[in-house]
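In the working numbering, the protein residues as written are 58 to 553.
Since the structure comes first, as structure tokens, the remarks are kept for the end.
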RNA sequence: GGCGCAUUCGUCUAGCGGCCUAGGACACCGCCCUCUCAAGGCGGAGAUCACCGGUUCGAAUCCGGUAUGCGCUACCA
């Protein structure tokens, strides 16, 4: 790459940033960082009607969360600003005017009603829909008359009606379109705002964008863009059309596919580094086996040559696995720090806040290899925080035991526990294992009963460590309570 | 309907004419470990490389056609 790499992520704030969109941003960012170029963020807010409140913040927040920093754009500025298209209207209007003067564009006075009717008719006659060029030949004098009369007008491109447009896409290779199949598309809307086609071409030129990495859905629009580049006399960038991201049913990713907005992944407790790793592997690969790749290795090795040309389906299960891998690789201090906000948010309201960091750090090693998402932590550890446990009494009667046996097991355990001089893993181990034998129980039966007594559930982290984290006093009182619960149960309750 | 792009295990992918009786990962199944659940280890099943022709001594890899999927076809991006 001889010229300086300047790429851009140009989201439209018409919705929340979905993962496909962010993946496009990621490839741009990786490409820029790999080549030590510039990553530019430009907000394409030219569709006033569809603009969604808060979308810009959500988009920028998503980028920040993933650690994709931008060299130019909102907040940071830059030499080619402003970076909101709504603040660059004069630039587009000037370009449109230039095209009209050159004869490459013309004013169109067709009303939306006429266009709708025209389209309906074309569809009825099974003709390809497209503007019928009704206003293409209006004379200069008529234009003046219309202007005076106050008619609303748009500016359309005077698309060449013969020959074809060919370009080389970095990923797809040579692509050719018949010019005659492209209608006279709108450049400037009646409200003075540009369409995407005009605005992006003007800005990419002015901002000296070297490579346009965007989703494949833009491939069909590229010939229009080429025509504009030519008419405006701009230098061509390299076009790179990235494969699309699809939902499980192979259709374009949308809300019915579950979580699609990047912010949802953040709130569910996916780690940003796992998310980046996963997204990078959707349409790009390092080699035939590497799955876990650090951010640095991603940057060092990213290459357009290894971008695939086929659309990919967003596979949640693999993301979950990968997130688990990243979680397991965290230090307990780091995991604790990340988990605290989730506990603050999800633990029952009666648990007093703030949650103790020291206490959480003791619990973390017990669940670190058992979670895939940070939001799962509260549900797995609430018994460490709550006072009295609430559980089904028959849980206390583990497989092949009965009420009497369970009661005996608990009472003997309680007795021995009280006399235990030290409360650590080793002493619990040397006390409890022989006890099982003594009671003629399998360790699973004894430990299972104790587990329910102490945690209120049949599935929990390893018993000894859990008891230690809970503390001797709490274990004793919970076992006492379990004994009482058993006593209140009807006689015939047995477990098979 | 027209135009464009794509097509390797369910999913993400490796593969760029002989290394492929197609490799890895997720998910799935079994075994081991084990106080439950995980994690981990080992193993298994899973792709006639969409289909049909052609080129070649030889094709998942090159060419053509068909089918299917997706995208575009807005005063949306």
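In this text, a Cβ means the ideal position worked out from N, Cα and C, and glycines have one as well.
In this text, all values refer to a predicted model and were calculated from it rather than measured experimentally.
Legend entry - C-beta contact flag for residue 336 and residue 79 at 8 Å: Walking along the first chain from the start, residue 336 turns up at place 279. Walking along the first chain from the start, residue 79 turns up at place 22. Contact flag set, yes.
Inset, instruction - Count the other CB atoms, across all protein chains shown, that sit within 10 Å of the CB of residue 332; report buried if there are 16 or more and exposed otherwise. - result: Here residue 332 refers to the residue found at position 275 of the first chain. Its Cβ being crowded by 16 or more others within 10 Å, residue 332 is buried.
Legend entry - First and last residue of the uninterrupted beta strand (DSSP E) at residue 226: The count along the first chain starts at 1 and reaches residue 226 at position 169. Here the beta strand (DSSP E) through residue 226 covers 221 to 226.
Legend entry - Option nearest residue 228 by Cα separation, candidates 145, 300 and 372: Position 171 of the first chain, counting from 1, holds the residue named residue 228. It is 300.
Inset, instruction - Would you list the residues sitting across from residue 163 in a DSSP beta bridge? - result: Here residue 163 is taken as the residue at index 106 of the first chain, counted from 1. The partner list for residue 163 (beta bridge, DSSP) reads 213.
Legend entry - residue 544 - DSSP class collapsed to helix/strand/coil: Walking along the first chain from the start, residue 544 turns up at place 487. It is helical.
Inset, instruction - Ignore the nearest five residues each way along the sequence and tell me which others in residue 125's own chain have a CB closer than 7 Å to its CB. - result: As a first step, residue 125 is located in the first chain; it is residue number 68 there, counting from the start. Excluding residues within five positions, the ones whose Cβ falls inside 7 Å are 82, 83 and 86.
Inset, instruction - Can you tell me which of the three DSSP states residue 278 falls into? - result: If you number the first chain from 1, residue 278 lands on position 221. Note: residue 278 maps to helix in three-state DSSP.
Legend entry - Top-ranked residue by Cα proximity to residue 92, from 358, 112 and 221: Counting from one through the first chain, the residue named residue 92 turns up at place 35. Cα-wise, what sits closest to residue 92 is 358.
Inset, instruction - Would you check if the region 417 to 426 and the region 389 to 399 touch, i.e. whether three or more CB-CB distances between them fall below 8 Å? - result: yes
Inset, instruction - To the nearest angstrom, report how far apart residue 97 and residue 367 are at their CA atoms. - result: The sequence position of residue 97 within the first chain is 40, counting from 1. The sequence position of residue 367 within the first chain is 310, counting from 1. The straight-line gap from Cα to Cα measures roughly 26 Å.
Inset, instruction - Could you tell me the distance, in whole angstroms, from the CA atom of residue 118 to the CA atom of residue 460? - result: Counting from 1 along the first chain, the entry for residue 118 is found at position 61. Counting from 1 along the first chain, the entry for residue 460 is found at position 403. Computed Cα separation, rounded: 55 Å.
Legend entry - Three CB pairs or more closer than 8 Å across the region 429 to 436 and the region 447 to 465: no
Legend entry - 8 Å contact criterion, which residue 106 and residue 73 should meet: CB distance rounded: The count along the first chain starts at 1 and reaches residue 106 at position 49. The count along the first chain starts at 1 and reaches residue 73 at position 16. Incorrect: roughly 17 Å between the Cβ atoms, too far for contact.
Legend entry - Closest residue to residue 387 among 329, 247 and 412 (Cα-Cα distance): Locating residue 387 in the first chain gives position 330, where the first residue counts as 1. It is 329 whose Cα lies nearest to the Cα of residue 387.
Legend entry - Sheet register partners of residue 243 (DSSP bridge): In the first chain, counting from the first residue as 1, residue 243 sits at position 186. Residue 243 is bridged to 213.
Legend entry - Other residues of its chain near residue 127: CB distance less than 6 Å, five sequence neighbours each side excluded: The residue labelled residue 127 in the question sits at position 70 within the first chain. These residues qualify, in order along the chain: 96 and 98.
Inset, instruction - Spell out the partners DSSP gives residue 95 in its beta bridges. - result: Sequence index remark: in the first chain, residue 95 carries index 38 (1-based). Beta-bridge pairing links residue 95 to 63.
Inset, instruction - Could you name the residues of the same chain whose beta carbon sits closer than 8 Å to that of residue 552, not counting the 5 residues immediately before and after it, in chain order? - result: Here residue 552 refers to the residue found at position 495 when the first chain is read from its first residue. Its pLDDT being 47, under 50, residue 552 is placed unreliably in this model, and the coordinates cannot settle the point.
Legend entry - Beta-carbon proximity list for residue 374, same chain, < 7 Å, skipping 5 on both sides: The residue labelled residue 374 in the question sits at position 317 within the first chain. Once the five neighbours on either side are set aside, residue 374 has no close Cβ partner at all.
Inset, instruction - Determine the closest residue to residue 479 out of 178, 435, 100 and 529, with distance taken between C-alpha atoms. - result: Position 422 of the first chain, counting from 1, holds the residue named residue 479. Answer by Cα proximity: 529.
Legend entry - For residue 504, three-class secondary structure by DSSP: Along the first chain, one-based indexing puts residue 504 at 447. Here residue 504 sits in helix by DSSP.
Legend entry - Meets three-Cβ-pair contact criterion under 8 Å: the region 211 to 220 and the region 279 to 294: yes
Inset, instruction - Just mark residue 293 as buried or exposed, buried being the case when its beta carbon has 16 or more other beta carbons within 10 Å. - result: Mapped onto the first chain, residue 293 falls at position 236. Exposed, since its Cβ has fewer than 16 Cβ neighbours within 10 Å.
Inset, instruction - Give a yes or no on whether the C-beta atoms belonging to residue 424 and residue 404 are separated by under 8 Å. - result: Taking the first chain and counting its residues from 1, one reaches residue 424 at position 367. Taking the first chain and counting its residues from 1, one reaches residue 404 at position 347. Remark: C-beta atoms of residue 424 and residue 404 do not approach each other more closely than 8 Å.
Inset, instruction - For residue 476, count neighbouring Cβ atoms within 10 angstroms of its own Cβ and tell me buried if that reaches 16, exposed if not. - result: Numbered from 1 along the first chain, position 419 holds the residue referred to as residue 476. Residue 476 is exposed by the Cβ-count criterion.
Inset, instruction - Tell me whether residue 493 sits in a helix, a strand or coil according to DSSP, three-state version. - result: Start at 1 with the first residue of the first chain, and residue 493 comes out as number 436. If DSSP states are grouped into helix, strand and coil, residue 493 belongs with the helices.
Legend entry - Residues that DSSP places opposite residue 268 in a beta bridge: On the first chain, residue 268 is found 211 positions in, with the first residue counted as 1. Answer is 64 and 295.
Legend entry - Outcome for residue 349 when other beta-carbon atoms lying within 10 angstroms are tallied against a minimum of 16: Numbered from its first residue, the first chain carries residue 349 at position 292. Looking at its Cβ environment, which holds fewer than 16 other Cβ atoms inside 10 Å, residue 349 is exposed.
Inset, instruction - Enumerate in chain order the residues of its own chain whose CB-to-CB distance from residue 234 is below 7 Å, with the five nearest sequence positions on each side excluded. - result: Residue mapping note: residue 234 aligns to position 177 of the first chain, counting from 1. Cβ within range, chain order: 221, 222 and 280.
Inset, instruction - Use the C-beta contact count for residue 201: other C-beta atoms within 10 angstroms, 16 or more gives buried, fewer gives exposed. - result: Here residue 201 corresponds to residue number 144 of the first chain, with the count starting at 1. It is exposed - the Cβ of residue 201 has fewer than 16 other Cβ atoms within 10 Å.
Legend entry - Cβ neighbour criterion (16 or more within 10 Å) applied to residue 491: By one-based count along the first chain, residue 491 stands at place 434. When all chains shown are included, residue 491 counts as exposed.
Legend entry - Rounded straight-line distance, which links the Cα of residue 266 to that of residue 60: Walking along the first chain from the start, residue 60 turns up at place 3. Walking along the first chain from the start, residue 266 turns up at place 209. Approximately 11 Å between the Cα atoms of the pair.
Inset, instruction - Look up residue 251 in the DSSP assignment and say whether it is helix, strand or coil. - result: Within the first chain, numbered from 1, the residue matching residue 251 stands at position 194. Strand at residue 251.
Legend entry - DSSP beta-bridge partners of residue 318: Mapped onto the first chain, residue 318 falls at position 261. DSSP output for residue 318 lists 75 as bridge partner(s).
Legend entry - Contacts around residue 542, its chain only, beta-carbon distance under 8 Å, and the 5 residues preceding and following it disregarded: Along the first chain, read from residue 1 onward, the residue named residue 542 stands at position 485. Cβ neighbours of residue 542 beyond the five flanking positions: 450 and 453.
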